[in-house]
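Below is one structure, written out as structure tokens; comments come after it.
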Amino acid sequence: MLNNFESFDNSETATKKDIVIQERVELVSSHMYKQFLDYQNCTVNMNDVFSRMVDCLELVSNNLKQSFSSRGITTQNIYVESDSLKSVATINILWQSFSFTTRCNYKPQALYRDDGRHIPTNRIIAVRGNYNDIIKDAKDKEDEMVKLLENEIASLYIPADQIQKCIFKIKHSGQEFVLNQIDAPREVVLKVLETVCGGGLYHQDGSVKMFTV
């Protein structure tokens, strides 16, 4: 009879443990589900912003061609390239080039704020040079991200809510701009264009040096 009571006590203890596990797992799954939904919404907004950025790059390219052509300069080295997935776009402007990519959003991530908030966002990275040349020797996604960050000019962070503002961060100056999702494509493309092409290069003396105006 005693053994039966012990068996009952053990069964009750096991049931309580199962309930604790179930409750805590449910909290984790609810949290991750919210992250997943935010990630989906961020991705939709990011893809829309990026598509309009590619359109802006085409307009910039056409305007540059007209401007240089009127000055008697050949425009064959001014063009835009984008992949079929609309995840990478590169513009070449004479001796300068820069790229935008969304290929850094393979999992939910958040932008940390100084006030302690963490805002779920996707990210569009602008890099100096041709994206494909930069990541050609990357071993995996983490290595690819290292190479992108080494060449980063700026990043645009796009939130899950369409009416929420984007955060645009310039790497070399540490400046931040708050942009609505309608204006962000144009403003980001133009700011990166000015950053890359508005300065120049010094002759090398052991290290690459650039200046901006």
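Its first residue numbered 1202, the sequence shown is counted upward by one per residue in the working numbering. Note that the Cβ used here is the ideal one computed from N, Cα and C, for glycine as well. As the structure is a prediction and not an experimental result, all values here were calculated from the model.
First through last residue of the beta strand (DSSP E) which encompasses residue i
i: A1385; result: First-last for A1385: A1385 to C1398, but that is the alpha helix (DSSP H), not the beta strand (DSSP E).
i: K1370; result: C1367 to I1371
i: L1380; result: E1377 to L1380
i: I1292; result: V1289 to I1294
i: Q1277; result: That residue, Q1277, is in no beta strand (DSSP E); it is neither H nor E in DSSP.
i: R1314; result: Segment: none, R1314 is in no beta strand (DSSP E) and carries neither H nor E.
i: I1326; result: H1319 to R1329
i: Q1363; result: Premise fails: Q1363 is in no beta strand (DSSP E) and is neither H nor E.
i: S1300; result: Q1297 to T1302
Contacts around residue i, its chain only, beta-carbon distance under 8 Å, and the 5 residues preceding and following it disregarded
i: F1237; result: P1309
i: S1270; result: T1276
i: V1250; result: I1325, L1357, I1359, C1367, Q1382, A1385 and P1386
Extent of the continuous alpha helix (DSSP H) run through residue i
i: K1336; result: Checking the sequence shown, residue 1336 turns out to be Ile, not Lys. That run of the alpha helix (DSSP H) goes Y1332 to I1336.
i: L1350; result: K1342 to E1351
Closest residue to residue i among the options (Cα-Cα distance)
i: M1233; options: S1271, E1353, P1321 and S1283; result: P1321
i: Y1307; options: P1386, R1387, C1243 and N1333; result: C1243
i: N1246; options: Y1403, L1391 and A1385; result: A1385
i: V1261; options: G1401, Q1405, V1397 and L1391; result: L1391
i: E1377; options: I1364, A1361, Q1365 and L1357; result: L1357
i: S1181; options: S1374, V1226 and Y1332; result: A question about residue 1181 goes unanswered here, because the residues of the chain that appear run from 1202 up to 1414.
i: L1295; options: D1341, Q1382, E1353 and I1274; result: I1274
i: G1330; options: N1352, D1341 and V1347; result: N1352
i: L1380; options: T1396, P1360, K1340 and L1394; result: P1360
i: K1337; options: N1248, K1348 and V1397; result: K1348
i: M1346; options: I1325, E1259 and Q1365; result: I1325
i: Q1365; options: I1335, D1239, K1235 and A1355; result: D1239
i: V1255; options: T1216, T1291, G1317 and K1370; result: T1291
i: N1248; options: V1221, S1288 and Q1267; result: S1288
i: E1388; options: Q1405, A1355 and D1362; result: A1355
i: R1314; options: F1369, Q1363, D1341 and D1362; result: F1369
i: F1299; options: S1268, G1317, I1335 and H1319; result: I1335
Closer than 8 Å to chain C by CB, residue i
i: Q1405; result: The structure shown contains no chain C, having only a single protein chain.
Buried/exposed call for residue i, threshold 16 Cβ in 10 Å
i: T1302; result: buried
i: S1285; result: exposed
i: N1323; result: buried
i: I1222; result: exposed
i: S1252; result: exposed
Beta-carbon proximity list for residue i, same chain, < 7 Å, skipping 5 on both sides
i: N1263; result: none
i: C1398; result: I1294 and Q1297
Nearest-angstrom beta carbon gap, residue j and residue i [assumed within contact, 8 Å]
i: V1393; j: A1327; result: 5 Å
i: V1281; j: L1258; result: 5 Å
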